[in-house]
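Numbering (my numbering), first residue to last: 124 to 513. Here a beta-carbon is modelled for each residue, glycine too, at the ideal position from N, C-alpha and C. Note that the coordinates shown come from a computational prediction; the quantities given were computed from them, not determined experimentally.
The structure is reproduced here in structure tokens:
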């Protein structure tokens, strides 16, 4: 750390030079991220609420109200009239809270001392973190031929120590939706906590179904669902970090609550103590500004571009892993190893990622990616094939 203070101009110049090394969403070349450029209004509101601390809500009652309103609004499109939850840093923290609620509930009601959770092999790595932090045994159920959770595999792994099962509505790698309806029935039959990780799909599936898509149910209409993760900082266009955890019943917050004697709120259920109020305010603002019609348009445009890319890849002799359910396309070429293709694309200035189940190039079609960007990307793929004499 420098001893003498630096001039503001010098600090800003250095920051600008470092920021110039970052990729920008606006270039359309970030193809592997589930995040995107936040709405300008949301950014402005975020900055206006930087000093608000939701960890001490009695001092920031206006910001607390905004969080409560966001939970209600998100709950409304997840089919629950009286939701309970919080705005958190993202899907990882939301999933951790859900597993903590499940563990504490099972420990209190069932006296389970060696808790196990069952997740699909496609589950986000946050469940590995949650298991490590909470002392849970993580069981990975197999996937079926469409890379969705195998119901048979899940059933085979249920034991007397199982406290929770997890389904994903929009898997990180392929964007597929697990059979949540069947999971709901299993959860009820076995008295298990069911958590749905809809960090990606939660802000698109409801709006796509509003305009005629026939995507599977995943929300609180299913009676076995106990909690849902959804990330406003993905398809919701809120700034990072803006995640959300929604519980069906207040008892799940209560079972996690600890005393906070020196704060204006005497109890706290969230993982984070000092909790930035800016994400709640920014999410409230962007949801009001865009509205359900705006989210319907955004999700539909992403799906149109997704279909265009998948169809074009087929015509160029690439193999699309699964027919996209949401706005993710995973593909390979039979004559080019996946990692080699990923490296070449990066050399060409395209930031893609690869999936593991199965190994494939993974493209996430977010709002910052236009039809023109995809045409340019396909041109690069044709160039790569030509250079490799394919």
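Is residue i close to chain C, meaning its C-beta is less than 8 angstroms from at least one C-beta of that chain?
i, result
"residue 131", "Absence of chain C from the displayed structure is noted, only one protein chain being present."
Could you tell me which residues DSSP pairs with residue i in its beta bridges?
i, result
"residue 413", "In the DSSP output, where bridge partners are listed per residue, residue 413 has none listed."
"residue 524", "Nothing about residue 524 can be reported from this structure: the residues present for the chain run from 124 to 513 only."
"residue 391", "381"
"residue 263", "242"
"residue 273", "DSSP output for residue 273 lists no bridge partner at all."
"residue 399", "176"
"residue 292", "300"
"residue 316", "287"
"residue 210", "367"
"residue 474", "153"
"residue 479", "482"
Looking only at C-alpha atoms, which of the options sits nearest to residue i?
i, options, result
"residue 419", "205, 331, 466, 206", "331"
"residue 343", "268, 200, 462, 471", "200"
"residue 261", "271, 272, 243, 270", "243"
"residue 496", "453, 461, 445, 425", "425"
"residue 206", "485, 409, 478, 374", "374"
"residue 278", "263, 436, 164, 500", "263"
"residue 386", "138, 414, 180", "180"
"residue 412", "168, 134, 137", "168"
"residue 341", "164, 306, 312", "306"
"residue 304", "231, 290, 314", "290"
"residue 510", "482, 459, 483", "459"
"residue 353", "409, 216, 127", "216"
"residue 428", "129, 451, 173", "451"
"residue 407", "309, 194, 137", "194"
"residue 465", "500, 438, 446, 434", "500"
"residue 337", "423, 212, 231, 513", "423"
"residue 315", "140, 138, 233, 360", "233"
"residue 367", "210, 246, 176, 388", "210"
Among the residues of its own chain, which have a CB less than 6 angstroms from the CB of residue i, if the five just before and after it don't count?
i, result
"residue 178", "396, 397, 398"
"residue 323", "157, 293, 357"
"residue 237", "284"
"residue 365", "355, 356, 402, 406"
"residue 203", "343"
"residue 513", "458"
Kindly list the residues whose CB is nearer than 8 angstroms to the CB of residue i, restricted to its own chain and excluding five residues on each side of it in sequence; keep chain order.
i, result
"residue 149", "160, 491"
"residue 222", "240, 250, 253, 254, 257, 259, 287, 318"
"residue 219", "249, 252, 253, 256, 257, 394"
"residue 146", "152, 153, 474"
Do residue i and residue j have their C-beta atoms closer together than 8 angstroms?
i, j, result
"residue 239", "residue 285", "yes"
"residue 432", "residue 488", "yes"
"residue 362", "residue 142", "no"
"residue 485", "residue 478", "yes"
"residue 302", "residue 266", "no"
"residue 320", "residue 400", "no"
"residue 403", "residue 189", "yes"
"residue 461", "residue 483", "yes"
"residue 208", "residue 369", "yes"
"residue 378", "residue 275", "no"
"residue 298", "residue 448", "yes"
"residue 409", "residue 135", "no"
Using a Cβ-Cβ cut-off of 7 angstroms (strictly less than) and excluding sequence neighbours within five positions of residue i, which residues of its own chain qualify?
i, result
"residue 457", "442"
"residue 454", "436, 441, 442, 443, 444, 483, 484"
"residue 173", "401"
"residue 192", "407"
**OP:** Report yes or no: do the region 414 to 430 and the region 320 to 335 share at least 3 C-beta pairs separated by less than 8 angstroms?
**Re:** yes
Subject >> Sufficient close CB pairs (3 or more, under 8 angstroms) joining the region 167 to 184 to the region 347 to 354 >> reply: no
**OP:** Report yes or no: do the region 132 to 152 and the region 465 to 474 share at least 3 C-beta pairs separated by less than 8 angstroms?
**Re:** yes
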